[in-house]
Each structure stands twice: as structure tokens, then as C-alpha cells.
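Take a look at the structure below.
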Amino acid sequence: MPPGHVNLRMLAEYLELSQTTVSLVLNNSPSAKSIPPETRQRVMEAAQKLNYRPNYFARSLRQSRSMSVGVLAPDLSEGYFTRVMNGVVQELTAARYFYFTACHDWRKELIEQYPRMLVERAVDGFLLLNTPADQIQVPVPVVAISAHSQVENVTNIVLDHHAAVELALKHLYDLGHRRIAFMRGPKAIPDSEYRWDAIQEVTAEMGLKIDPANVIRIDAEGWSMKTGYHPMAPEIGYKPMKALLDKHRSFTAMFCFNDIAAIGAIRALKDSGCSVPQDVSVVGFDDILSAAYSTPSLTTVRQPLLEMGKRGAEVLLDRIANRDKEYPAEITMEPELIVRESTAPAPTA
């Protein structure tokens, strides 16, 4: 049989096997485990040799599914999105699912409009990355990563922010830092308030004081596309840190909202004549790919972003396949502290 457009029936005839057997193997069905390994190997080799392509349209009609999901995200920037999406793609690709990715740039009308457009394209479910689900009403399963949406029909994949903050502040405390500055995240990002609440709780538990004069917020410096730079560029940390340093430097450490902001903050400190970490220690958040290669390399709280993406996609696919299955409203992931060059003992002077 020459390579070309080979369907399931033709492949089964070529192998002299039933279409059911071939289908179980190609779809990696749990039932395929009962098929001898040599037969499974023969099916896969023949499928590759004959350039077999599954008929997703026919399968979607049989299963009443489109074999596709919608992914909503604020942006496609390097950092959080890249790592989470890597996990999402791994899981969806393994399940032979297609995905539509739509970026809303925090525009309320797009957050409401895109889900409707994707429902019209018959997606089987939604993955929301850093996107609140409060105003998204769709007739399919929804899984939200880092969104903290206490809404019916939504399963949340979230980080344990209390544990994350505890890791960062205990590290700084053990290094002798008591005057710690904090960079709060943009109001639009759901994690911002949860992390700030955790900071207030943990500092109280540790007997640390938060000096309002040493608290900066990314919003205050124009977290917007209108400023001429991407909302997840290092400028989001550079500008508020520079503004703070222009007033005073009554702190020995800075806990930043994320790694992108921390990289910008380190540059602002250097431009102001401060050495990192000799004068000021800096801790980031996320552990993005470039964190280990910045100068100095960045001490950070690692969110298991890849695993969060994979878990979110896994839960969504399971909910699509088992619509009546009960899932908890929230699945919590654990953080990890990654110590690198940007933190050191507090200066004695």
C-alpha cells in the first residue's frame, strides 16, 4: 500500500487486524494494554510508514466533541506564560487535542467576547491562565490557573502563597535582613492580592514590620501598554524601584512581585550606585528561564509553572471526558526556594 491519505479502515486491512484493535493502539487507550506489545509496535510502525492521519472530524461526531479547547491569557510574554503554556501544550499534544490561544490584554470586553467566540467554534473546555472567571459563563468545563475564581463550574489550580512568602522571608531573615521592602503586583493580576495578604500574615507571624514607605506597587508606575513598553517587561520593576531610590534607601532587601520585575529592580539599584547583593538583596518570584542567567543570578521562589500547566490541562481533559465527576474547587501546588547570587547577609553598617 503506497503512503498517502490512509484512513483507519485501510490501515486495519493492511495489518489484517480489526479496526477496534488499531484504534485502541493509536488512541493509547487503557484497553490497549491487553494487546500484545509486538502487535502494538506493528500498528505504530505501520501508521508511521503509511503516513496515517486520524479523521478528527469523524471522531468528534462520534464522541460529540471537537477535540479542541480554548486557552485565554493576558499576554504571550516571556516568563509566567511561557512556562505554564509549555506544560499545557505537552498534555494537550499527548491527548491529541488542538487548542485556540486568545490574548485579552486585560481588556474587559475581550475577556467577555473571546469565550463566546470560542464556544461558537465548539471547544470542549477552557483553560484560563492568570485570567479571572467571574464574568465567563460557558456551557463547558473550565479550569483556571492562578486565577482564584470561586465560581461554579471552575476548577482552580493555585499556588500556596503563604508557604511561598514564608520561604522568601525566612531566607532573608536568616541572612539578617529586618528592613525589607516589598513590590506589590498589578491590581489586574489575581495573584497580586493573595500574595500581599500572605506577606502581611507571614511578617506578622515572624515579628517583622512592613514600613509603608518601603512598599511600592507596579500599577503606580503605569503598568499599561500605553506607556510604550510591554506590561511584562523589566521596566515594570525598574521604574517603581528607581522612584523609591530617588526618595530614600532605608532597606537592605527587596521582595519583588515576579522575576521580570526583579531583573528591572536590580538594574535600577545598579544605576543608583547600589551593589546587589552587597548593599541590597533581591528576591524574585516564579523562576522563569532567564532567572538563572541574569547578573547576578536571581534568588527566587519557584512556582512549579510547567507542572501547573500540565495539571490544569490534565484536569480539564478529565472533566471533559467525565462531565459528572466531582472535582474540588481548588487544587494547591507547592513552591520551592531557589537560592542564587542576588541575596547575601545584610550589611552591618
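For the sequence shown, position 75 matches number 65 in the numbering used here, and the numbering has no gaps at all.
The beta-carbon is built from N, C-alpha and C at its ideal position, and this holds for glycine as well.
Quick caveat, the model's predicted, so the values are computed rather than measured.
query, result
"Cβ pair A251, I226 closer than 8 angstroms", "yes"
"Cβ contact (3+ pairs, closer than 8 angstroms) linking the stretch 267 to 276 and the stretch 238 to 253", "yes"
"Residue nearest to H238 in terms of C-alpha spacing, selected from I206, L288, S280 and L14", "I206"
"Three-pair Cβ contact test at 8 angstroms for the stretch 75 to 83 versus the stretch 102 to 116", "no"
"Rounded C-alpha distance that separates K260 from M173", "17 angstroms"
"Secondary structure of M57, DSSP reduced to three states", "coil"
"Sequence-distant residues of the same chain with beta carbon closer than 6 angstroms to S50, five excluded per side", "With a pLDDT of only 47 at S50, under 50, the local geometry of the prediction cannot be trusted, and no value is derived from it."
"Euclidean distance between Cα positions of Q9 and R32", "14 angstroms"
"Cut-off 7 angstroms between Cβ atoms - residues of its own chain near P335, not counting five sequence neighbours on either side", "L165 and G166"
"Y87 to K300 span [Cα, whole Å]", "13 angstroms"
"Same chain, Cβ closer than 6 angstroms to V284, five either side skipped, listed in chain order", "The sequence given here places Ser at residue 284; Val does not occur at that position. Here the set comprises I253."
"Complete beta strand (DSSP E) runs within the stretch 253 to 317 (minimum length 3 residues, chain order)", "271 to 276 and 289 to 292"
"Distance, A282 Cα to C246 Cα", "16 angstroms"
"Distance CB(A258)-CB(L235) smaller than 8 angstroms", "yes"
"Beta-carbon spacing of L14, A36 below 8 angstroms", "no"
"CB of T121 within 8 angstroms of CB of A63, strictly", "yes"
"Three-state secondary structure (DSSP) of R207", "strand"
"Exposure of T322, with buried meaning 16 or more beta-carbon neighbours within 10 Å", "exposed"
"C-beta contact flag for A154 and N146 at 8 angstroms", "no"
"Contacts around D181, its chain only, beta-carbon distance under 6 angstroms, and the 5 residues preceding and following it disregarded", "S136"
"Counted within 10 angstroms of its Cβ, other Cβ atoms place G60 as buried (16 or more) or exposed", "buried"
"Nearest neighbour of L295, chosen from R(-1), I170, L149 and A84 [CA to CA]", "L149"
"Counterpart residues of M244 in DSSP-defined beta bridges", "A171 and V272"
"Nearest to P129 (by Cα), restricted to the options N(-3), K98 and R309", "R309"
"Local Cβ density within 10 Å of D276, reported as buried at 16 or more and exposed below that", "buried"
"Rounded C-alpha distance that separates E6 from P325", "52 angstroms"
"Cα-Cα separation between N143 and V132, rounded to whole angstroms", "6 angstroms"
"G69 versus E320, R292, A319 and V305, residue with shortest Cα-Cα distance", "R292"
"From T338, P267 and P105, residue whose alpha carbon lies closest to that of A92", "P105"
"DSSP state of T72 mapped onto helix, strand, coil", "helix"
"Where Y228 falls: helix, strand or coil (DSSP)", "helix"
"Closest Cα partner of F90 within the set W96, K98, G115 and E102", "G115"
"Rounded separation between L117 and M75 - CA only", "10 angstroms"
"R168 beta carbon less than 8 angstroms from that of L119", "no"
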